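See below for the structure under consideration.
Numbering (UniProt numbering), first residue to last: 1 to 96.
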């Protein structure tokens, strides 16, 4: 049973690696900036999945903090990128 889990986990890691490489292409050649932003979000989600798969392979729970940290940073980055795409600036300054 352990060999089957390891084999399936490795196959999933290969599929996620292919997905990340295709998403990197979309980030570089994306036709618009929102397409690039969506691709960056998907790369972050794939990295979370990859960290989860590594945790399964290593039979450890220590990578759970890394997965949560990636999720929080991904959320903050998404908010900042969306604000930049909408207004052109990230931090609004009032010059009163």
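Where a beta carbon is used, it is the ideal one built from N, C-alpha and C, also for glycine.
Nothing here was measured: the structure is a model prediction, and the numbers come from that model.
I'd like the list of long-range same chain contacts for residue 43, defined as Cβ closer than 8 Å, with 5 residues on each side in sequence excluded. 20, 23, 24 and 27
Candidates 8, 2, 3 and 1: closest to residue 53 by CA position: 8
Report buried or exposed for residue 39, applying the criterion of at least 16 other Cβ atoms within 10 angstroms of its Cβ. buried
Quick one: measure Cβ to Cβ for residue 66 and residue 51, integer angstroms, because I've assumed they're closer than 8 Å. The beta-carbon separation of residue 66 and residue 51, rounded to 5 Å, stays under the 8 Å limit for a contact.
To the nearest angstrom, how far is it from the Cα of residue 79 to the Cα of residue 37? 10 Å
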